[in-house]
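Note that this note's numbering gives residue 217 to position 196 of the sequence shown, counting from 1, and the numbers run on in steps of one.
Inspection log for the structure reproduced underneath, given as structure tokens.
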Amino acid sequence: ALGPTINDMSGDMQENVIHMTAIGQLYGKRDNAGFMKNAFGYADVQQLTRNRKNLIEAYGDGSPEHVEKFVRAVRKNKIPESAVETSFKALPKSLQNYLKGAGSGGKKIGKNHFLGYKRKDGTTTSDINDPDIQKDENGKPVEVRGGVPSAARGMLVWRIYLEQGGVCAYTGMPLDLESMDLEHVVGLENSDNGEPTEQDYLDRENERNHVLTSSRANQNKKDKNMKDFFEERVDKLSKRSKEDFDK
């Protein structure tokens, strides 16, 4: 039971968190292998095509400021940190372990993975709206970074799942916990404006650039900008019939 930690949310949101936590109880194991595992299906392509214009506009010039507007719009549910923490602890250990290491940038990011924001009492929160977040000399929230896997990373990714209502940021279809990925909207190695700088990596490895998508969407998009993603991976499939996909 999640108990009183969710009492400060609306009734509908309480029910949604309980429902999504219950879905988490059914988690088996990551679907990391199999023939055509990351191939788009008919429904994927249909939904992406419907969202094409909005997604390309949402990506825009790929600037951190522009992309954050998209991220906040997708992750629109307001979830208190207490509910994130309590529901995360109620998840199966296997799912917790996946979430703790989700979206790893490997050696390139190392100990600079985004884990949350530093509170005035020294603890870490995944909630950008927490009024007790420390601010630096420029008035910006103080970030907490480190290696993965980590519990803080796990709660951050779980927060994103709850904030998105359990649906894919790109297709709008329900996420399968066993085949979903933490997506960097602007890919870590995107080179549209030249080779990424150290600041680019920090801007991209940040919750302001994080959403959850199906593994299929994540693996097909890779480091492409949204326009190239559609032109190279989606558009050529959009005219195919369901029978084509079945074959």
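Ideal placement from N, C-alpha and C gives every residue a C-beta, glycine not left out.
Three-state secondary structure assigned by DSSP to residue i
{"i": "Met34", "result": "helix"}
{"i": "Glu253", "result": "helix"}
{"i": "Lys156", "result": "strand"}
{"i": "Asp202", "result": "strand"}
{"i": "Asp65", "result": "helix"}
{"i": "Val92", "result": "helix"}
{"i": "Val178", "result": "helix"}
{"i": "Leu223", "result": "helix"}
{"i": "Leu240", "result": "For clarity, residue 240 is Gln in the given sequence; the question names Leu instead. DSSP places Gln240 in helix when its eight states are reduced to three."}
{"i": "Asn45", "result": "Looking at the sequence shown, residue 45 is not Asn but Gly. Helix at Gly45."}
{"i": "Gly131", "result": "helix"}
{"i": "Ala79", "result": "helix"}
{"i": "Asp267", "result": "helix"}
{"i": "Glu71", "result": "In the sequence as displayed, the identity of residue 71 is Arg instead of Glu. Three-state DSSP puts Arg71 in a helix."}
{"i": "Ala60", "result": "coil"}
{"i": "Ile39", "result": "helix"}
{"i": "Pro85", "result": "helix"}
{"i": "Lys274", "result": "The structure shown does not extend to residue 274, since the chain is modelled only from 22 to 268, so the question has no answer here."}
{"i": "Lys248", "result": "helix"}
Residues sharing a beta bridge with residue i, DSSP
{"i": "Thr218", "result": "Answer is none; Thr218 lacks a bridge partner."}
{"i": "Glu164", "result": "Tyr138"}
{"i": "Pro195", "result": "Val188"}
{"i": "Thr145", "result": "Lys139"}
{"i": "Val232", "result": "Glu204"}
{"i": "Asp213", "result": "Gly215"}
Buried or exposed (CB count within 10 angstroms, at least 16 for buried), residue i
{"i": "Arg93", "result": "exposed"}
{"i": "Asp202", "result": "buried"}
{"i": "Pro195", "result": "exposed"}
{"i": "Arg174", "result": "buried"}
{"i": "Glu219", "result": "exposed"}
{"i": "Ala238", "result": "buried"}
{"i": "Leu47", "result": "exposed"}
{"i": "Ala190", "result": "buried"}
{"i": "Pro217", "result": "buried"}
{"i": "Ala123", "result": "buried"}
{"i": "Gly127", "result": "exposed"}
{"i": "Asn75", "result": "exposed"}
{"i": "Ala79", "result": "buried"}
{"i": "His40", "result": "exposed"}
{"i": "Ser108", "result": "buried"}
{"i": "Val206", "result": "buried"}
{"i": "Asn241", "result": "buried"}
{"i": "Asn227", "result": "buried"}
{"i": "Ala104", "result": "buried"}
{"i": "Asp6", "result": "What is shown of the chain runs 22 to 268, which leaves residue 6 out entirely."}
{"i": "Gly143", "result": "exposed"}
{"i": "Lys139", "result": "buried"}
{"i": "Lys121", "result": "buried"}
{"i": "Ser184", "result": "Here residue 184 turns out to be Glu, not Ser, going by the sequence shown. Glu184 comes out buried."}
{"i": "Gly160", "result": "exposed"}
{"i": "Gly137", "result": "buried"}
{"i": "Glu102", "result": "buried"}
{"i": "Val163", "result": "exposed"}
Supposed close pair residue i, residue j - CB separation, criterion 8 Å
{"i": "Gly193", "j": "Asn72", "result": "7 Å"}
{"i": "Lys141", "j": "Gln155", "result": "5 Å"}
{"i": "Val232", "j": "Val66", "result": "So it is not a contact: roughly 19 Å between Cβ atoms."}
{"i": "Asp208", "j": "Lys243", "result": "Checking the sequence shown, residue 208 turns out to be Gly, not Asp. Gly208 to Lys243, Cβ: 6 Å. Contact."}
{"i": "Glu204", "j": "Thr234", "result": "4 Å"}
{"i": "Leu116", "j": "Thr42", "result": "That pair is no contact at about 10 Å."}
In chain order, which continuous runs of the alpha helix (DSSP H) of length 4 or greater are located wholly inside the stretch 104 to 129? 114 to 121
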